[in-house]
Structure formats: structure tokens, C-alpha cells
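Per our numbering: the sequence shown ends with 495, consecutive numbering throughout.
Beta carbons: idealized from backbone N, C-alpha and C, even for Gly.
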Amino acid sequence: MDNKILALLDGSDYSHSVCHHTAWIAQKLGSSVDAMHVLGRREGGQKTDLSGNLALGARTALLTELATLDEQRARLAQAKGHAILEDAKVILEQDGVAGVKLHLRKGDLLEAVQAVETGVRAITIGKRGEAHGYADGHLGSNLERIIRASKVPVFVASRAFKPIFKVLVAYDGSASAKVAIDRMAGSAVFADLPLTVLCVGQDAAKVQATAEQAVAKLQRADVTATALTAKGEPEDVLKDLVTTEGFDLLVMGAYGHSRIRSLVIGSTTTAMIQTAGIPVLLYR
Numbered sequence: 212m213d214n215k216i217l218a219l220l221d222g223s224d225y226s227h228s229v230c231h232h233t234a235w236i237a238q239k240l241g242s243s244v245d246a247m248h249v250l251g252r253r254e255g256g257q258k259t260d261l262s263g264n265l266a267l268g269a270r271t272a273l274l275t276e277l278a279t280l281d282e283q284r285a286r287l288a289q290a291k292g293h294a295i296l297e298d299a300k301v302i303l304e305q306d307g308v309a310g311v312k313l314h315l316r317k318g319d320l321l322e323a324v325q326a327v328e329t330g331v332r333a334i335t336i337g338k339r340g341e342a343h344g345y346a347d348g349h350l351g352s353n354l355e356r357i358i359r360a361s362k363v364p365v366f367v368a369s370r371a372f373k374p375i376f377k378v379l380v381a382y383d384g385s386a387s388a389k390v391a392i393d394r395m396a397g398s399a400v401f402a403d404l405p406l407t408v409l410c411v412g413q414d415a416a417k418v419q420a421t422a423e424q425a426v427a428k429l430q431r432a433d434v435t436a437t438a439l440t441a442k443g444e445p446e447d448v449l450k451d452l453v454t455t456e457g458f459d460l461l462v463m464g465a466y467g468h469s470r471i472r473s474l475v476i477g478s479t480t481t482a483m484i485q486t487a488g489i490p491v492l493l494y495r
């Protein structure tokens, strides 16, 4: 049975939050945790040639020096990677997780994830990576790739960890939203949490019926859930609710009713990941 959480760590300010949220999920599910840090190809020791058209003697000396610098950078990157993973293990174990396995890989992140994905129940990752800092409106390319390729839920951690007591579910009746409700109904993560299922649209009767269908499925699984409807732009409604009602987690399908949903993440999903100050859990 799939019963481990894969935590993707890059040493950014989000890494501590990723660890704490991963531990919270793992404790709920009784899961083990695989923590992974991936060295980029350049960090992993890719050779650099900046010698150009120098004379033979100077070129040989420069190549030797560049090779030495490449080796030094690779050793430092590996040492940093090991430190990131060891720090993560300490945090996870202090939070009560047993059976933490560490992975230091080289190369492409998505390929590294696919190499260990057997048995993975969910993936946790920070909203923005180390290279992107705090750039507003930017969704990290690695995050986008993971969401598009993952067959399991992806938990996108906020910058700071906060205990989760109140959950907002954005529901539009799409295939990925229905998957979210099905998975939540059978998940120990949500068994003791109150859920608010939000449906946004102009047709009041239709959105009410849509929300109530999702709520009924959750309630049949003994999950506490209530329906909520609203008019307006989904991302605006969601942001206002998160701010005014104090939700701690937003759950949504990765793709909505879009003809190009197989190519890009849904626009509302992207907007919420970028702007929401709380974690976002995505289902496909």
C-alpha cells in the first residue's frame, strides 16, 4: 500500500515549513517520510569551459583551474545538500515522525521524483524555491512541473508553519475537484477537521446543488462539512474568505473546467498558490 510522504527540500525559507507540514500529514496517516534534495546538473559537477581562444599554455592553465573550481563547487553543493537533509530529519523526528529516509540526488528534479515515487502517497513542496526568493506573482517552474506530472496529491507549503484546524475546499464540480472530495472522504487527515465546501458561480441554484452534492459525500463518510456559495471571481472570493474567516488550509483540484487544463495549471489554482498566505493542497 502507498504509505509514505515525499518531502522536496531545497534549503529555501520554505523548507522548515515543508518539514513541519509533512510531519503533520505523516502523523495523521501513520506514514513514513522520504526527504529529498536534488542537486542541479551544474551543482552536481558539470564541467565549465570559459577558456575561449586563449593561447595553448594559458588555456591549459585556465582549464586546470576551472576544473578545480568545478570540483570544489560540487563538493560544497553536496555538503550543503547533506546538511539540508540532516536538518530536515531532525525536524521531522522532533515532530514525531519515525522512519525518515534521506535522498540526495543529482540532475533533474522531476526525474529524481519519478525514480522514488513507488509507494508515495503525497508530495510536499514549498511554494517558491531557493532561486526565486520572494518574487511576487512567480510560480516556481519546478513546482509547476511537479503538479502537472504528479499522480498523487501535492501539498504546497506556505512560508511559515501554522497548525491546521479549519479547511476551505474550493469545489467546481470538475474531475479533479471530484477526486479531491473522494480522497478527502476516505482520508484520516480530514477525519477530525471541519470542512467548508465553497462553490462560486452566477447561477445560485446550480452552485448550491453542486456544493451540497460534495458535502453529502463527505458527510456519508462521517466528515464534518458545510456548504457555502458565492458570486464573483473565484480567486477574489477565495482570497477574501481565507483572510476574513481564518482558514488554515485551502484544498482544490489542480485543474478546473478548462479546455487547456491538460497543458497548464488552472488559472484559479495558480492565482491561489501565488497569493494565498496558507498552504494549498492540490488533487488531480
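Beta-carbon separation (whole angstroms), residue i vs residue j, contact threshold 8 angstroms
i    : j    : result
D245 : K291 : Going by Cβ atoms, the distance from D245 to K291 rounds to 19 angstroms, so no, they are not a contact pair.
L320 : H293 : At roughly 18 angstroms, the Cβ-Cβ gap does not stay under 8 angstroms, so L320 and H293 are not in contact.
R394 : Y494 : 6 angstroms
Separation of residue j from residue i, as counted between CA atoms
i    : j    : result
T233 : I489 : 15 angstroms
G251 : T481 : 25 angstroms
H248 : R339 : 15 angstroms
S226 : A416 : 43 angstroms
V308 : D298 : 14 angstroms
K317 : I295 : 15 angstroms
D347 : A278 : Any reading at D347 must be qualified, since the residue scores a pLDDT of 40, below 50, and its modelled position is unreliable; the value itself is stated next. Spanning the two alpha carbons is a distance of roughly 37 angstroms.
K300 : H231 : 11 angstroms
V434 : D403 : 7 angstroms
Y382 : K373 : 24 angstroms
I484 : V491 : 6 angstroms
Q430 : E282 : 58 angstroms
V311 : K389 : 32 angstroms
G412 : A285 : 53 angstroms
Counted within 10 angstroms of its Cβ, other Cβ atoms place residue i as buried (16 or more) or exposed
i    : result
G384 : buried
L280 : exposed
E446 : buried
T455 : exposed
S361 : buried
D221 : buried
S352 : exposed
A288 : buried
T329 : exposed
A326 : exposed
Proximity below 8 angstroms, CB of residue i to CB of residue j
i    : j    : result
A391 : V400 : no
S398 : S228 : no
I387 : G464 : Here residue 387 is Ser; the residue named in the question, Ile, does not match the sequence. Against a cut-off of 8 angstroms, the Cβ pair of G464 and S387 comes out as a contact.
V377 : D459 : Position check: residue 377 holds Lys in this sequence, whereas Val was assumed. A contact, by the Cβ cut-off of 8 angstroms.
(request) Check whether the region 406-423 touches the region 432-447, counting contact only when three or more Cβ pairs, one atom from each stretch, lie closer than 8 angstroms. (result) yes
(request) Answer yes if the region 216-225 comes into contact with the region 327-338, meaning at least three C-beta pairs across the two stretches below 8 angstroms, and no otherwise. (result) yes
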